[in-house]
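Structure first, then comments.
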Amino acid sequence: MEKTYSPDIGQRVGLTNPGPVFNGRFSHRQKLVLDGLNNFGIGNSPESKNLQRECQEHRREFKKAIDAPNLIVLVHPFYTWLNHFDYVTPKNRRGLEVYTENLLNLLDANLDREKVGLLAFETAYHYTALTSALLEQGKIDDVLFTEDDSGRPKDEIDFQPHRTRQVYLGGGYSDRCLRSAGGAISRQTENKRIYVISNLIVCPPSSAQFILPRNKQEAANRVSAGFQVNPQDLVTAKQVIAKFKS
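Below is the structure:
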């Protein structure tokens, strides 16, 4: 079954190129990205490996050094819009809108980069479709590429440059990729405490009536199988923006 992505999400981050490849720099990769959306990944074909190399080259061109003591990590932030929009119903659409509003507010906030950096954990095909444009716009500082079906970086040791930073974690999906990303971070970081942005967590729309966790306890329960989350480790997107805004 062909997946349905939302054409609106590109416009909401300031892009005019039609989807699913909203970043015009990668328009020539339309077919491979569509295959990725339909098959939940692009596999390891020669063409896929070429795309991964192209993504790394793009990343090296646009990434910025992160020197701040704090780090916001966004895991697969647009997954629902790109892969699972066909599962969004009138009942859970409001939760997706709240999540997206919180995400865009964070990305658009004028955060003090001497205090905090922004790092995306992203698949190559979602990077091609959309997240690469955020790197070009300076809304995120860097990207670590993950497995197609996990939030775990392809090589966990790539997180080592951030091992002393205080991490604030958000994205999706709560029950899978966010858990595995948090687990990978906790194995590499010297600071074992990870703050979770409770209203910047998206749950799988295919298995949840509510895309957003309904309360902080549910947020903690959904992600804590991958790493330890205590109630005092939960913050909101608004609190993070207020803490680090210039």
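Taking this note's numbering, the leading residue of the sequence shown gets -12, the next gets one more, and so forth. Where a beta carbon is used, it is the ideal one built from N, C-alpha and C, also for glycine.
Whether residue i touches residue j by CB criterion (7 Å)
| i | j | result |
| --- | --- | --- |
| residue 13 | residue 102 | no |
| residue 165 | residue 129 | no |
| residue -6 | residue 6 | yes |
| residue 83 | residue 198 | yes |
| residue 108 | residue 206 | no |
| residue 186 | residue 92 | no |
| residue 224 | residue 181 | no |
| residue 192 | residue 75 | yes |
| residue 24 | residue 79 | no |
| residue 49 | residue 122 | yes |
Neighbour-count burial assignment, residue i, 16 or more Cβ in a 10 Å radius
| i | result |
| --- | --- |
| residue 200 | buried |
| residue 140 | buried |
| residue 157 | buried |
| residue -2 | exposed |
| residue 171 | buried |
| residue 176 | buried |
| residue -12 | Low local confidence applies: a pLDDT of 46 at residue -12 is under 50, so the model's placement there is unreliable, with the coordinate-based value given in what follows. Per the 10 Å Cβ criterion, exposed. |
| residue 30 | exposed |
| residue 229 | exposed |
| residue 144 | exposed |
| residue 148 | exposed |
Length of the line joining the Cα atoms of residue i and residue j
| i | j | result |
| --- | --- | --- |
| residue 189 | residue 153 | 22 Å |
| residue 226 | residue 215 | 21 Å |
| residue 100 | residue 55 | 6 Å |
| residue 244 | residue 28 | It is not possible to answer for residue 244, since the shown part of the chain is limited to -12 through 233. |
| residue 155 | residue 57 | 8 Å |
| residue 35 | residue 1 | 27 Å |
| residue 124 | residue 95 | 10 Å |
| residue 86 | residue 9 | 20 Å |
| residue 135 | residue 219 | 31 Å |
| residue 138 | residue 120 | 20 Å |
| residue 174 | residue 217 | 17 Å |
| residue 202 | residue 179 | 23 Å |
Extent of the continuous alpha helix (DSSP H) run through residue i
| i | result |
| --- | --- |
| residue 172 | 164 to 175 |
| residue 119 | 119 to 124 |
| residue 59 | First-last for residue 59: 57 to 62, but that is the beta strand (DSSP E), not the alpha helix (DSSP H). |
| residue 210 | 203 to 210 |
| residue 85 | 77 to 95 |
Boundaries (first-last residue) of the beta strand (DSSP E) holding residue i
| i | result |
| --- | --- |
| residue 184 | 181 to 189 |
| residue 109 | 103 to 109 |
| residue 158 | 153 to 159 |
**OP:** Give a yes or no on contact between the segment 153 to 163 and the segment 37 to 50, applying the rule of three or more CB pairs nearer than 8 Å.
**Re:** no
Original post:
Is it true that the segment 53 to 73 meets the segment 121 to 136, where meeting means three or more beta-carbon pairs spaced less than 8 Å apart?
Top reply: yes
Original post:
Looking at C-beta atoms only, is the number of pairs between the segment 16 to 31 and the segment 110 to 119 that lie closer than 8 Å three or more?
Top reply: yes
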